[in-house]
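Engineer: Residue numbers (my numbering): 51 to 266. Each residue gets a CB set at the ideal place from its N, CA and C atoms; glycine is no exception.
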Amino acid sequence: MIEKNFMEFVEKKLGKQTVSINSNQRIVQKKYYRFRLDGIPTNERNFYEKIVPLLEGAELYKKLRNSDKRVAFDPMEELPPENCGYAIRYVHLHKSLEKIDLKQPLKPGFDLVVKVDQLQSPKLSQNTLSLIRSLGHEENEFDGPYDMASCYLSIPEEHREFYYPFTLQLNNNDRIELIAKDFLTFKQWINGINALVKNKKRLVKLRSRIESYTSV
């Protein structure tokens, strides 16, 4: 929501929310973010728009390092991510823009913390590139070095729902394999992470316009 000189939004409550109906009903506070937009250039405004979905958070599948399931995930196969060693994680960009937190559902603390200064542009497999091009999407929808010119798949008409895998590449040659549940989430996270990578040297300045508060 854009109001006057601010862009404001609320952090998503991920997972199933339980509601108590007794007198001890728990009050859940909502976390709000807003960007001050007065006097900012277009490129900075575009940056804030791209990182909004990352600050809101998303449910992504993450490949578990200790998984004994060695089958590689293929978005064109009917095998679900869980059968290939993936599990759901709640993923948020911290308002400091310094880290991305991955949290395991129903457990305290973080499963993994990824430092933004270690991030490189997300890597997309040939299968993922072929899938998104075959579904009618174009290179210009993504801010990254993704060449779809030679990518194409024949998709059966009955195959309507897909998962979208991608890999976070880190400077220490480590990597984190993730899967988005839908195309919009996939596109938002690819473009959001690329925006962070391209603006690493300016993040201290850019985060100075981010405010947050909580409310019932």
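#1: The beta strand (DSSP E) spanning Leu218 covers which residue range?
#2: Using three-state DSSP, classify Ala230 as helix, strand or coil.
#3: Using 8 angstroms for Cβ pairs, my map puts Tyr111 next to Ile240. What's the rounded Cβ distance?
#4: Please state whether the Cβ-Cβ distance between Lys62 and Glu106 is less than 8 angstroms.
#5: What span of residues does the alpha helix (DSSP H) with Ser180 cover, start to end?
#6: In whole angstroms, what is the alpha-carbon distance linking Gln67 and Leu87?
#7: Give me the Cβ distance between Ile226 and Val141, rounded to the nearest whole Å; I'm assuming they're in contact under 8 angstroms.
#8: If you reduce the DSSP assignment to three classes, tell me which class Leu104 lands in.
#9: From Leu104 to Leu147, what does the alpha carbon distance come to, in whole angstroms?
Structural biologist: Looking at the atomic coordinates:
#1: Residue numbering aside, residue 218 sits at position 168 when the sequence shown is read from its first letter. From DSSP, the beta strand (DSSP E) with Leu218 extends over Tyr214 to Gln219.
#2: Your numbering for residue 230 matches position 180 in the sequence shown. Strand.
#3: Reading the sequence shown from its first residue, position 61 is the one you call residue 111. Reading the sequence shown from its first residue, position 190 is the one you call residue 240. Between Ile240 and Tyr111 the Cβ distance is about 15 angstroms, and since that is not below 8 angstroms, they are no contact.
#4: Residue numbering aside, residue 62 sits at position 12 when the sequence shown is read from its first letter. Residue numbering aside, residue 106 sits at position 56 when the sequence shown is read from its first letter. In this structure, Lys62 lies near Glu106, with their beta-carbon atoms less than 8 angstroms apart.
#5: In the sequence shown, the residue the question calls residue 180 occupies position 130. Unbroken alpha helix (DSSP H) run through Ser180: Gln176 to Ser184.
#6: Position 17 of the sequence shown, counting from 1, holds the residue named residue 67. Position 37 of the sequence shown, counting from 1, holds the residue named residue 87. Confidence at Gln67 is low in this model, with a pLDDT of 47, below 50, so the placement of that residue is unreliable and no value is reported for it.
#7: Here residue 226 corresponds to residue number 176 of the sequence shown, with the count starting at 1. Here residue 141 corresponds to residue number 91 of the sequence shown, with the count starting at 1. Actually they are not in contact, since the Cβ atoms of Ile226 and Val141 sit about 10 angstroms apart, beyond 8 angstroms.
#8: To locate residue 104, count along the sequence shown from 1; it is residue 54. In this structure, Leu104 counts as helix in the three-state DSSP scheme.
#9: On the sequence shown, residue 104 is found 54 positions in, with the first residue counted as 1. On the sequence shown, residue 147 is found 97 positions in, with the first residue counted as 1. Cα to Cα, Leu104 sits roughly 10 angstroms from Leu147.
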